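Q:
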Amino acid sequence: MEDVEIFLSRLATAEKLYAETAKKLDAPDINDKFTLAGAIAEKGSPASYKVYVSNEETENAAVDEIKAVFTEAAEENPEINVEFIVDEFLNLIDDKARITADSKPRTLVHRDGELHPTVHIWMIKRRDGGIFVLLQKRAHEKDINPDCYDVSAAGHVSQGEEFRHAALKEVHEELGLDINRSQLEFIGLKRAEYSKGDIHDNELVAVYICRVPIEIEDLTLQSSEVSEVGWAEIDELLSVMKYEDIPNCISLKELDMIKKAVF
């Protein structure tokens, strides 16, 4: 029995929520809780529903209403299984690299390999004629590239969020740094892909650099994301990546973008 996947975004209107649920159930007449209850009953049993709810704290009466309808259907019929899953929703990107209004649970975006927006932030400094970048070592518990050396901070752009706001948020969460928008320098967009097992990560990455003076001992690392950090001079890093076997997921293109932006 195949699961029917229902997406409930707390940022969506009631009209959109019911319209999208109607498509999922192949029942175009659904437009309120009564027609939804009727459609679930008509669809019959056994049936299995996975209801994904976006993780914002925003109140949304229609989301709660639809959840209640599915809960009641499962309580009245033991052959109807309903699982509620709270997840971060991501906006999808179309084939012209434009962010769309369509959003989807992050777990399923990674499962299905759909293009979505992310941010990379490189903390940099100049010293003794060289360019130094702050590397983070990804936490052992990470699903994607655990224990690898990576960009200073990175993360997904949640649905309805702007790139630069997401970048500020990730720097704060992963490094404990509070910086302002003007301290982020946008240096370009790039594509990034990663596949392993059931994960197919397909990203459009906005790359930023930040020249704010920092000391490693002043950082507060997010242990679930970052195990350690350290400075590396770009040319030395490139040499190590070329001639030594170190676990990393560092983009050579991004290092080149940094050098072009700084010189």
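The sequence shown lines up with residues 26 to 288 when you count with our numbering.
Yeah, the Cβ is synthetic: ideal placement off N, Cα and C, and Gly gets one too.
Predicted model only: the values in this text are computed from it and were never measured.
1) List in chain order: all unbroken alpha helix (DSSP H) runs of 4+ residues lying wholly within the stretch 93 to 177.
2) Rounded to the nearest angstrom, what separates G185 and D153 at their Cα positions?
3) Could you say if the stretch 56 to 76 and the stretch 94 to 107 meet the contact criterion of at least three C-beta pairs nearer than 8 Å?
4) Tell me which residues share the same chain as V237 and place their Cβ nearer than 6 Å to its Cβ, disregarding the 5 neighbours each side in the sequence.
5) Taking only the alpha-carbon atoms, compute the straight-line gap between I241 and I156 and give it to the nearest angstrom.
6) Helix or strand or just coil, what does DSSP make of F288?
7) In terms of alpha-carbon separation, which member of L262, K284, K285 lies closest to I275?
8) Contact between the stretch 27 to 39 and the stretch 64 to 74: three or more CB pairs below 8 Å?
9) Report the three-state DSSP secondary structure of E250 (helix, strand or coil).
10) Mind checking whether L246 and L202 have CB atoms under 8 Å apart?
11) What are the uninterrupted segments assigned as alpha helix (DSSP H) that are 4 or more residues long and contained completely in the stretch 227 to 282, given in chain order?
12) Below 8 Å, can you find three or more Cβ-Cβ pairs linking the stretch 214 to 226 to the stretch 253 to 273?
13) Assuming contact is defined by CB atoms lying nearer than 8 Å, are I146 and Y233 in contact in what I supplied?
14) Using 8 Å as the threshold, is the C-beta distance between L160 and D137 below it?
15) Keeping to the same chain, check which residues put their C-beta closer than 8 Å to that of I259; ignore five residues upstream and five downstream.
16) Going by the DSSP bridge assignment, what does L33 pair with across the sheet?
17) Round the Cβ separation of L133 and I118 to the nearest angstrom and send it over; I've been treating them as touching at under 8 Å.
18) Return the CA-CA distance between P142 and E113, expressed in angstroms with no decimal places.
19) Does S73 come out as helix, strand or coil in the three-state DSSP assignment?
20) For E100 and G69, what's the separation of their Cα atoms in angstroms?
21) What residue does the beta strand (DSSP E) around L214 start on, and which one ends it?
A: Reading it off the structure:
1) 131 to 137
2) Translated into the one-based positions of the sequence shown, residue 185 becomes position 160. Translated into the one-based positions of the sequence shown, residue 153 becomes position 128. Distance between the alpha carbons of G185 and D153: 42 Å.
3) yes
4) Looking up residue 237 in the sequence shown gives position 212. So the list reads I204, Q208, once near-sequence residues are dropped.
5) Stepping through the sequence shown from its first residue, residue 241 is reached at position 216. Stepping through the sequence shown from its first residue, residue 156 is reached at position 131. Taking the straight line from one Cα to the other gives about 17 Å.
6) Here the question's residue 288 lines up with position 263 in the sequence shown. Of the three classes helix, strand and coil, the one that applies to F288 here is coil, per DSSP.
7) In the sequence shown, residue 275 corresponds to position 250, counting from 1. It is L262 whose Cα lies nearest to the Cα of I275.
8) yes
9) As a first step, residue 250 is located in the sequence shown; it is residue number 225 there, counting from the start. Of the three classes helix, strand and coil, the one that applies to E250 here is coil, per DSSP.
10) On the sequence shown, residue 246 is found 221 positions in, with the first residue counted as 1. On the sequence shown, residue 202 is found 177 positions in, with the first residue counted as 1. Against a cut-off of 8 Å, the Cβ pair of L202 and L246 comes out as no contact.
11) 259 to 268
12) no
13) For the purposes of this step, residue 146 is identified with residue 121 of the sequence shown, where counting begins at 1. For the purposes of this step, residue 233 is identified with residue 208 of the sequence shown, where counting begins at 1. In this structure, Y233 lies closer than 8 Å to I146 by Cβ.
14) In the sequence shown, the residue the question calls residue 160 occupies position 135. In the sequence shown, the residue the question calls residue 137 occupies position 112. No, these two residues do not count as a Cβ contact at 8 Å.
15) As a first step, residue 259 is located in the sequence shown; it is residue number 234 there, counting from the start. Cβ within range, chain order: G155, I156, F157, V158, L280, I283, K284.
16) For the purposes of this step, residue 33 is taken as the residue at position 8 of the sequence shown. DSSP lists V78 as partners of L33.
17) To locate residue 133, count along the sequence shown from 1; it is residue 108. To locate residue 118, count along the sequence shown from 1; it is residue 93. About 15 Å separates the two Cβ atoms, so there is no contact after all.
18) The residue given as residue 142 occupies position 117 in the sequence shown. The residue given as residue 113 occupies position 88 in the sequence shown. Distance between the alpha carbons of P142 and E113 is about 13 Å.
19) For this step, residue 73 is matched to residue 48 along the sequence shown. If DSSP states are grouped into helix, strand and coil, S73 belongs with the strands.
20) As a first step, residue 100 must be located in the sequence shown, where it is residue number 75. As a first step, residue 69 must be located in the sequence shown, where it is residue number 44. So the alpha carbons of these two residues sit roughly 14 Å apart.
21) As a working mapping, residue 214 is identified with position 189 in the sequence shown. Where L214 is concerned, the enclosing beta strand (DSSP E) stretches over 210 to 221.
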